[in-house]
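In this note's numbering, the protein residues as written are 76 to 695.
Ideal Cβ positions, reconstructed from N, Cα and C, are used throughout, including at glycine.
Below: one structure, written as structure tokens.
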Amino acid sequence: MNHKKLAADILQLVGGDKNIASVTNCMTRLRFHLNDVKKADVEAIKKLKGVQGVVTKNGQFQIVIGTDVGNVCEEIQTLGDFEENAAAGNEEKKGIIASFFGTLTAIFQPVIPALAGSGMIKALLALMVAFKLVDNASQTYQIFSAFGDALFYFLPFILAFSAAKRFKCNPYVAAVLAGVLLHPSFTGLNTGDAVKLFEIIPVTMISYSGSVVPILLIVWVQSYIERFANKISPKPVKIFLAPMITVIGTGIVGIVIAGPLGNLVGQVIAVGFNWLNEYAGWVIPVLMGTFCPFFIMTGMHYCFAPIQTIQYATLGYGTILGPGMLASNIAQGTAALVAGFRSKNKELKQLGISSGVTGLMGITEPALYGVNLRLKKPLYASMIGGFAAGLYAGITGIHTFSSTTAGIFALPVYIGGDGFNNVINAGVTIVISIVVTAAATLIIGFEDPKEEEEREDLPDRSIEPERSDKAVKISIDSPLTGNIIPLKEVKDEVFSSGIVGKGAAVVPEKGEVAAPEDCVVESIFDTGHAIGLKTMDGVELLIHVGLDTVELKGKYFEVHVKQGEKAARGQLLISFDIQGIKEAGYDVTTPIVVANTPDYLDVLAKKVGKAGEDLITILK
């Protein structure tokens, strides 16, 4: 492969260097952030020698190269300087609305696990009080209350850090600015008397605890002031002068303009949704219950998080996500369960039952992508069930008192207010969702895939029986401990389509990648999320831990070998933190593919079961 020529051709076809905000690579693909995706000639790129496919995903324009991707990326980097393009940005070209929702999603997505965990602590505390296990005047209550409320009280700190990453400014300086808003010396000025900076500039005093919009606006302002400060600060004193200018400049703009403006925006949003709740409260749960699968597929559900957070801060309860998502998630899980129980296909049965159970717990992606969307009709049934349950939730006006994953175990977050009517109606919502969805799934039905249709990787012996019979078999054991899923079910079309090569995927139970055979480490990405091996038989293996985990930039991964090093069978190659990766919002499913698949008659892989010996069989 001529890396330099391919790099030059790609650079031209993506719209030239001025259209590239940034470019990086993972183990198999180039990852571009383009200022205008429409300028990229996708069909022409696909025809380039050395290009295996093109994918647009998560705002990235991805070109699949294979194991030579590092060399191609290096050549592209030498052909242009993309830092100025990245700094300038081009959000307008992506559309104001798309950029706005993309920004909200990027900021709130990492915060969701903390919100869910804190919400469940508050729900647990409410449960303990309701059953008189603790007294709300006791020290135990106060301690648990601190556990649950800490995130919500100090939310500006959390959002400042997350927003700074999105706006490409210093997250620690952003945290300092959040600290200004909550500092006792500043909050102590909120006595009702007029506050003036330099005895001239009026400062509107606001309670910023638990607020959302003000700190987002302040960090956005910081991104511009910080760039200016870095530009004008001499190098010898830049380390302290730039942050000093940033904190003072942004702090003044923040408490005088951005903070009050953000507070006003938050109040307007709250008033709007309060009006909707009062006069058409059933609308939101119905829409969410019906269309939540599509919100999840596009990531739009994260955009509702700040609105719900504002509701908690102003009303003490939320109606945006909880009720409707409860109806939808239960429906998703039920549809997958019914499909699993009714299917005669062993693989679908196993997947439907397991993903259905997790769906009832509030984690719907396996059910949505693995069963319902794949079969289509169960998805329609889940939308019917979500609509019916959402309508009941809306009519009865149920609401949540804290945030968590919307599933059966989320019922405690509905405890609060007067009596148990709210949580009882939430329970009825669950029952309606299950009953209506199950009935709809049974009535509508679905096309049950036959076993032989699932065995696409098997060689066609009717065409070349003599070659198959005489084939030499090479067995490759699993490098990970876990459960096997077919490669085509991996939620990344680069792997699922077989572009990179045939193989299998493992959902790991232990955060270790070991050498499946005696081999040489051909390549290893500096983030530690992927490794390329070559066995003594000449089989080139690519092991990619998780999906899109390159974005973690090495966090949660530790590499134990070096490129070019020989590794013995069973030797530890990579260790990784499964829980940490999951909490960061990434899928840990690990594709294991034969990168040089075209060199062999066929590559066969186990489709289900525990990963172990003979995961992949190669016919040579």
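Residue j and residue i - do their beta-carbons sit closer together than 7 Å?
i    : j    : result
A762 : G437 : This structure cannot speak to residue 762, because the chain is shown only from 76 to 695.
Y489 : V503 : no
S553 : L450 : no
I151 : L86  : yes
A659 : E615 : no
V596 : V634 : no
V702 : G469 : Only positions 76 to 695 of the chain appear in the structure, and residue 702 is not among them; the question remains open.
G408 : G431 : yes
P231 : K240 : no
I293 : A333 : yes
G557 : A686 : yes
T394 : S457 : no
A402 : S508 : yes
T365 : G460 : no
V575 : V668 : yes
G223 : L257 : no
L396 : F370 : no
S571 : V565 : yes
V620 : F651 : yes
Could you pull the DSSP bridge partners for residue i from this structure?
i    : result
V37  : Because the chain in this structure spans residues 76 to 695, residue 37 falls outside the shown range and cannot be described.
P277 : K271
A605 : H619
F183 : Looking at the DSSP assignment, F183 forms no beta bridge with any residue, so it has no partner.
P318 : In DSSP, P318 forms no bridge with anything.
V581 : I559, T665
E633 : S650
T692 : S550, L679
With DSSP collapsed to three states, give me the class of residue i.
i    : result
I385 : helix
E422 : helix
H108 : strand
T127 : Thr is not the amino acid found at residue 127; the sequence shown has Gln there. In the structure shown, Q127 sits in coil (DSSP, three-state: anything other than H, G, I, E or B).
P309 : coil
D677 : strand
N100 : strand
T266 : coil
C244 : coil
S598 : strand
S430 : helix
E353 : helix
D535 : Any reading at D535 needs caution, since the residue's pLDDT is 40, under 50, leaving its predicted position unreliable; the model's value is listed next. Coil, per DSSP.
L256 : helix
A304 : helix
K93  : helix
S403 : helix
S298 : helix
G324 : helix
V506 : helix
T475 : strand
Answer with buried or exposed for residue i, where buried requires no fewer than 16 other C-beta atoms within 10 angstroms of its C-beta.
i    : result
E592 : buried
P311 : exposed
I196 : buried
T384 : buried
N211 : exposed
K577 : buried
Q342 : exposed
A642 : buried
A221 : exposed
N404 : buried
L215 : Here residue 215 is Thr; the residue named in the question, Leu, does not match the sequence. Per the 10 Å Cβ criterion, exposed.
Q654 : exposed
N77  : exposed
T664 : buried
Y283 : buried
V346 : exposed
F273 : exposed
G356 : buried
Near residue i, which residues of its chain fall below 6 Å by C-beta distance, leaving aside the five closest residues on each side in sequence?
i    : result
G164 : Caution is warranted here: a pLDDT of 44 is assigned to G164, below 50, making its placement in the model unreliable, and no coordinate value can be reported.
A304 : A317, I320, T321
T471 : N500
Q137 : R104, R106, V130
I483 : L435
D84  : L123
Suppose the cutoff is 7 Å on Cβ atoms and the five residues either side in sequence are ignored; what does the same chain contact list for residue i look like?
i    : result
K271 : P277, V278
S550 : D689, T692
K609 : C594, V595, E597, E615
For residue i, which residues in the same chain have their Cβ closer than 8 Å to its Cβ, ignoring the five residues on either side in sequence?
i    : result
A191 : S478, T479, T480
Compare the C-beta of residue i against all C-beta atoms of chain C and say whether one is closer than 7 Å.
i    : result
A238 : Absent from the structure is chain C; it holds one protein chain and no more.
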